[in-house]
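A short worksheet on the structure shown next.
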Amino acid sequence: MAAAAAGRGGRLALARRALGPLMWVAGLAVPIVLASSWVSILAIFAIYAVVALSQDIVLGRAGMYDMGHAVYFGVGAYVTAILNTRFHWPIFATWPVAIVVAAVIGVALSAPIVKLRGDYLLVATIGFNIIFVLAMSNDVFGLTGGPDGIFGVGVPHVLSLALSSQGALFYLDWLVLALVLLIMRNLERSRVGRVFRYLKEDELAATTLGVDARYYKILAFAIGAGLAGAAGTLFAVQLASVSPGSFVFTESVTLFAIVLVGGQASIPGVLLGTALMFVVPQVFRGLAQYRYFAFGIAMILVMVLRPQGIWPRRRSGP
Amino acid sequence: MSGAALLELHDIGISFGGLRAVDALSFAVDEGQIKGLIGPNGAGKTTVFNMVTGVYRPTDGRIRFAGEDITGRSPHRVAARGIMRTFQTIRLFAGMTVLENVLAGQHLRTRQTWWQSLLATPGQRREEAELVERTLATLERLDLADVANEVATALPYGMQRRVELARTLVADPKLLILDEPAAGLNDMESSALNDTIRGIRDAGVTVLLVEHDMNVVMNVTDSIVVINFGRKIAEGTPGEIQTHPAVVEAYLGQDDDEEVAT
Amino acid sequence: MDVVLQQFVNGVTVGGFYALIALGYTMVYGVLKLINFAHGDLCILAAFIGLSVLTTGIGGANAGALMVALAFVVAAVAVGIAGTVLELTAYRPLRKAHRLSAVVSALGASMLIENGIMLVWGPQVKVFPSNLLPHISWSFAGASISFVQVLIIGGSLLLMAGLYYYVHHTRFGTAIRAAAIDQDAARLMGINVNRVITSVFIVGPALGAVGGLFVGLYYREAYFNMGWIYGLNAFIAAIIGGIGNIPGAMVGGLLLGLFNAFAAGYVSSTWQEAITFALLIAILLVRPTGILGERVAEKI
Numbered sequence: 001m002a003a004a005a006a007g008r009g010g011r012l013a014l015a016r017r018a019l020g021p022l023m024w025v026a027g028l029a030v031p032i033v034l035a036s037s038w039v040s041i042l043a044i045f046a047i048y049a050v051v052a053l054s055q056d057i058v059l060g061r062a063g064m065y066d067m068g069h070a071v072y073f074g075v076g077a078y079v080t081a082i083l084n085t086r087f088h089w090p091i092f093a094t095w096p097v098a099i100v101v102a103a104v105i106g107v108a109l110s111a112p113i114v115k116l117r118g119d120y121l122l123v124a125t126i127g128f129n130i131i132f133v134l135a136m137s138n139d140v141f142g143l144t145g146g147p148d149g150i151f152g153v154g155v156p157h158v159l160s161l162a163l164s165s166q167g168a169l170f171y172l173d174w175l176v177l178a179l180v181l182l183i184m185r186n187l188e189r190s191r192v193g194r195v196f197r198y199l200k201e202d203e204l205a206a207t208t209l210g211v212d213a214r215y216y217k218i219l220a221f222a223i224g225a226g227l228a229g230a231a232g233t234l235f236a237v238q239l240a241s242v243s244p245g246s247f248v249f250t251e252s253v254t255l256f257a258i259v260l261v262g263g264q265a266s267i268p269g270v271l272l273g274t275a276l277m278f279v280v281p282q283v284f285r286g287l288a289q290y291r292y293f294a295f296g297i298a299m300i301l302v303m304v305l306r307p308q309g310i311w312p313r314r315r316s317g318p
Numbered sequence: 319m320s321g322a323a324l325l326e327l328h329d330i331g332i333s334f335g336g337l338r339a340v341d342a343l344s345f346a347v348d349e350g351q352i353k354g355l356i357g358p359n360g361a362g363k364t365t366v367f368n369m370v371t372g373v374y375r376p377t378d379g380r381i382r383f384a385g386e387d388i389t390g391r392s393p394h395r396v397a398a399r400g401i402m403r404t405f406q407t408i409r410l411f412a413g414m415t416v417l418e419n420v421l422a423g424q425h426l427r428t429r430q431t432w433w434q435s436l437l438a439t440p441g442q443r444r445e446e447a448e449l450v451e452r453t454l455a456t457l458e459r460l461d462l463a464d465v466a467n468e469v470a471t472a473l474p475y476g477m478q479r480r481v482e483l484a485r486t487l488v489a490d491p492k493l494l495i496l497d498e499p500a501a502g503l504n505d506m507e508s509s510a511l512n513d514t515i516r517g518i519r520d521a522g523v524t525v526l527l528v529e530h531d532m533n534v535v536m537n538v539t540d541s542i543v544v545i546n547f548g549r550k551i552a553e554g555t556p557g558e559i560q561t562h563p564a565v566v567e568a569y570l571g572q573d574d575d576e577e578v579a580t
Numbered sequence: 581m582d583v584v585l586q587q588f589v590n591g592v593t594v595g596g597f598y599a600l601i602a603l604g605y606t607m608v609y610g611v612l613k614l615i616n617f618a619h620g621d622l623c624i625l626a627a628f629i630g631l632s633v634l635t636t637g638i639g640g641a642n643a644g645a646l647m648v649a650l651a652f653v654v655a656a657v658a659v660g661i662a663g664t665v666l667e668l669t670a671y672r673p674l675r676k677a678h679r680l681s682a683v684v685s686a687l688g689a690s691m692l693i694e695n696g697i698m699l700v701w702g703p704q705v706k707v708f709p710s711n712l713l714p715h716i717s718w719s720f721a722g723a724s725i726s727f728v729q730v731l732i733i734g735g736s737l738l739l740m741a742g743l744y745y746y747v748h749h750t751r752f753g754t755a756i757r758a759a760a761i762d763q764d765a766a767r768l769m770g771i772n773v774n775r776v777i778t779s780v781f782i783v784g785p786a787l788g789a790v791g792g793l794f795v796g797l798y799y800r801e802a803y804f805n806m807g808w809i810y811g812l813n814a815f816i817a818a819i820i821g822g823i824g825n826i827p828g829a830m831v832g833g834l835l836l837g838l839f840n841a842f843a844a845g846y847v848s849s850t851w852q853e854a855i856t857f858a859l860l861i862a863i864l865l866v867r868p869t870g871i872l873g874e875r876v877a878e879k880i
């Protein structure tokens with residue numbers, strides 16, 4: 001790759017590439033430097049950032065209009081909550097289960113609908129989201145706890161050490177964010193990542209080159225769902241509870257908007273979008289009533305003035 | 319030069335609603351041949367290509383490739399058998415560089431699994447480097463190495479055609495289907511195209527092409543099939559086709575008042 | 581038997597306003613291939629506007645036919661204007677951009693309108709006074725039909741017939757249908773496509789406004805985030821009938837209304853919703869173009 005990458009900006013590009021990792025390292029100081037309310041906000045940011053990045057895989061990279069992504073986030077959260085509160089599994093033990101179950105559900109839901117044209121796929125995903133929330137609110141199998149959800153989710157333990165402080169949880173979330181960012185980077189430099197782009201740009205041409213479109217579309221959903229599920233576990237731990245209200249259709253709409261407003265297939269764009277959509281409202285809680293009104297205006301303005309998103313993907317790198 | 323039949327169409331037909339686009343069409347392309355498929359506009363040529371490459375499913379007839387029945391197989395399975403194609407309207411991936419576009423042609427030869435991709439295992443990274451190397455070699459062959467990092471769709475038209483061609487060649491196909499490769503090229507570029515096509519055949523790839531530019535068709539093909547209204551009206555060498563009465567009539571109509579533009 | 585008839589009456593009533601709201605979605609989608617996510621909120625805006633008109637200066641007596649008519653007119657006009665403004669500011673600038681940009685803009689508009697309603701009329705549920713319409717009902721064959729139901733059914737049918745006539749028997753209506761089939765070809769034929777689009781954004785929301793006010797009068801309440809629920813349901817109706825297809829929206833609305841009415845007797849409301857969406861997904865998989873929709877082939 002070095003030979004082909006030569007002449008791609010040199011020192012400036014290097015500085016740009018170092019910015020992300022530097023900011024992450026700076027983040028490590030947060031629990032030490034900032035008040036605990038800020039630490040909570042940034043912990044939640046890290047969790048939502050993972051979900052948003054997972055949404056970006058399906059929407060921004062593979063080009064499929066998924067407006068029901070909160071389902072997978074919710075599946076992960078509920079799996080952890082149920083296994084931990086009802087069956088007393090340690091949190092870290094529930095994690096791989098949450099990821100796998102979310103991914104499997106991703107495959108199951110996407111398999112019948114990936115053949116649908118864009119708008120129809122979108123509506124189908126909305127339908128799945130609504131059905132999911134209805135199911136969770138209705139205490140299915142007596143496990144999901146009804147509209148109030150499940151309380152009393154525990155904290156993860158590393159050996160015998162409980163990660164019970166907000167600071168410890170923040171570090172866990174921050175670490176997971178770093179891992180996910182790494183995975184995203186690897187994705188970009190791999191065949192899977194390229195295939196997603198081919199499918200998004202021109203599915204027909206891609207299939208004539210040997211790409212099994214159906215397989216890769218379902219794979220995109222599976223990976224996106226698995227990552228969202230992983231974030232779900234962290235979310236359940238952060239809130240020490242899960243409830244259907246956190247995974248309603250409007251949450252999916254927000255995730256969808258983050259990718260579009262931030263910048264499709266753009267890691268800094270998606271992170272920025274997450275910050276704007278989730279963190280800013282937390283900060284301006286006093287003006288809560290005007291919050292969504294302002295969001296609405298902002299979304300329209302961004303799309304009209306900058307349809308490629310606030311921080312679009314840089315056109316470089318395979 | 320030519321060997322056994324590589325691609326065989328037996329009585330192929332397809333209807334779109336009430337329209338019979340292709341009817342009872344049969345011909346074969348022998349290994350090592352450069353076969354032309356010509357006919358007036360709307361004759362059904364691209365439809366035939368779409369049936370061979372699995373984009374459409376024929377309603378009648380069979381298609382055989384290297385002895386195997388590929389009728390109605392999906393495009394990616396047809397590609398896996400060794401058939402690559404270019405498109406009438408160039409279909410390069412927008413927003414991606416020449417290198418990235420041509421890399422796509424290597425999809426079938428890539429072994430890395432999805433989890434190896436996500437984890438960037440050493441094997442995966444090694445394969446990536448090999449893929450790039452092989453791609454660059456193909457770009458060299460087609461004189462595109464200088465523009466490897468340019469956005470493909472920003473290049474001049476003639477170059478974009480070469481990029482699309484490179485994308486199919488890097489896949490090492492057995493049969494290459496070219497849909498109007500000379501469209502939009504000037505005379506000089508057409509001649510260069512002829513040399514390129516001959517070079518491709520000499521490297522062991524069988525070629526089937528649709529073309530309107532007679533400079534290309536008459537000079538580079540070994541054998542030509544002529545279709546009109548979805549049916550075969552003639553088949554033979556370029557010399558035979560040029561004087562074939564049915565062909566002349568199809569292109570010029572029954573009144574021969576007009577000049578032939580070749 | 582009378583239970584069935586009663587449910588039928590209820591179903592046709594609900595179907596009536598679903599159809600009116602669905603028409604707005606389908607007309608916009610037909611011409612722009614855009615799901616106007618803000619449409620449901622526009623329709624509910626009409627309910628609020630109508631309510632405000634009806635409750636100003638009434639006193640104890642019945643609202644009076646004139647007042648009711650005025651409420652409908654004001655609501656329809658206001659929402660028709662709002663629809664036009666919406667198109668001009670949030671959609672027209674994005675004509676050339678990627679489809680998804682318009683989707684996000686639509687979502688933003690929805691958020692804006694919904695929260696705008698909340699800021700103006702407050703977050704609590706607004707109750708419609710019970711003396712707005714006469715409390716008459718008629719019984720027949722064991723079922724009863726109330727004044728408001730007659731109003732809704734009659735009004736819906738009248739408007740749908742009017743729209744059908746307009747779209748199929750006037751020149752401009754033909755222009756709308758042409759633009760829905762192929763915008764570029766329509767433009768080349770000399771049709772002013774911009775004018776078609778503007779009118780679709782007046783008529784669609786105006787019809788939906790009547791539907792929205794019907795919702796308010798029927799259930800006698802309105803709350804600011806009602807738009808989503810009714811909008812989504814109407815949207816499903818439009819898809820079932822065939823999105824982009826005007827008679828389809830009417831049929832879809834009716835079917836949905838009937839389904840809701842009949843299912844209400846046997847299934848809890850939450851499962852009703854789940855079934856509605858499951859039905860939607862089934863339709864998308866089996867016949868995505870809907871009951872009356874046409875299959876459109878893609879030239880490769």
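Order-wise, the sequence lines are chains R, A and D. Counted the way my numbering counts, the first sequence spans residues 1 to 318. Counted the way my numbering counts, the second sequence spans residues 319 to 580. Counted the way my numbering counts, the third sequence spans residues 581 to 880. Beta carbons are placed, not taken as given, at the ideal position from N, Cα and C, and that holds for glycine.
Look at R/ALA257: its C-beta is under 7 angstroms from a C-beta on chain D.
If you draw a straight line from the Cα of A/PRO563 to the Cα of D/GLY770, it is about 44 angstroms long. A Cβ-Cβ contact shorter than 7 angstroms links D/CYS623 with D/GLY788. When secondary structure is reduced to three states using DSSP, D/SER681 falls in the helix class. In the DSSP assignment, A/HIS562 forms no beta bridge with any residue. With a threshold of 16 other beta carbon atoms within 10 Å, R/SER165 falls short and is exposed. The Cβ atoms of R/SER243 and R/GLY149 sit closer than 7 angstroms to each other. If one requires a minimum length of 3 residues, no beta strand (DSSP E) run lies completely within the stretch 354-380 of chain A.
Comparing alpha carbon positions, the residue from R/TRP311, R/ILE310, R/GLY263, R/ALA228 closest to R/ILE99 is R/ALA228.
Relative to A/THR404, the option among A/VAL370, A/GLN430, A/PHE383 whose CA is nearest is A/VAL370. With respect to A/ILE332, A/ALA342 sits apart: the two C-beta atoms are not nearer than 7 angstroms. Between the C-alpha atoms of R/ARG214 and D/ALA862 there is a straight-line separation of about 19 angstroms.
Taking CB atoms only, R/GLY296 has a neighbour in chain D less than 7 angstroms away.
R/LYS217 sits in a helix when the DSSP states are folded into three classes.
DSSP places A/GLU553 within a strand segment (E or B) once states are collapsed to three.
Unbroken alpha helix (DSSP H) stretches of 4 residues or longer found wholly inside the stretch 401-430 of chain A: 416-421, given in chain order.
Under the 10 Å beta carbon count, A/ASP464 is surrounded by fewer than 16 other beta carbons and is classified as exposed. Residue nearest to D/LEU872 within the set D/ALA858, D/GLY824, D/ALA854, D/TYR846 is D/GLY824 (criterion: CA-CA distance).
The distance from the Cβ of A/GLN351 to that of A/THR524 is about 6 angstroms, consistent with a contact at the 8 angstroms cut-off. Not a single CB atom of chain R sits nearer than 7 angstroms to the CB of D/ALA760. Interface residue (Cβ-Cβ distance to chain A less than 7 angstroms): R/SER190 is classified as such.
Here the C-alpha atom of A/ILE545 lies approximately 33 angstroms from the C-alpha atom of R/LEU199.
Rounded to the nearest angstrom, the gap between the Cα atoms of D/ALA760 and D/ASN711 is 43 angstroms. A/HIS328 has A/ARG380 as its beta-bridge partners, per DSSP. If you draw a straight line from the Cα of D/VAL866 to the Cα of D/PHE857, it is about 14 angstroms long.
Interface criterion met: the Cβ of A/LEU426 is under 7 angstroms from a Cβ in chain R.
Excluding residues up to 5 positions away in sequence, ALA500, SER508, LEU511, ASN512 lie with their Cβ nearer than 7 angstroms to the Cβ of A/VAL534 in the same chain. In this structure, the straight-line span from the alpha carbon of D/PRO714 to that of D/SER736 is close to 19 angstroms. When the beta-carbon positions are compared, D/GLY807 and D/GLU694 come within less than 7 angstroms of each other.
Closer than 9 angstroms at the C-beta level to chain R, one finds these residues of the stretch 369-393 of chain A: THR371, GLY372, VAL373, SER392, PRO393. Here R/TRP95 is buried. Its C-beta has 16 or more other C-beta atoms within 10 Å. Using a CB distance cut-off of 7 angstroms, A/PHE367 does not count as an interface residue toward chain R. Taking a Cβ-Cβ cut-off of 9 angstroms, R/LEU227 has no neighbours in chain D, whose nearest Cβ is about 21 angstroms from it.
A direct Cα-to-Cα measurement between D/VAL665 and D/VAL776 gives close to 15 angstroms. Contact between R/ALA77 and R/THR233 holds, with the beta-carbon distance rounding to 7 angstroms and staying under 8 angstroms. Taking D/GLY610 as reference, the option from D/SER779, D/LEU838, D/ALA844 with the minimal CA-CA separation is D/SER779.
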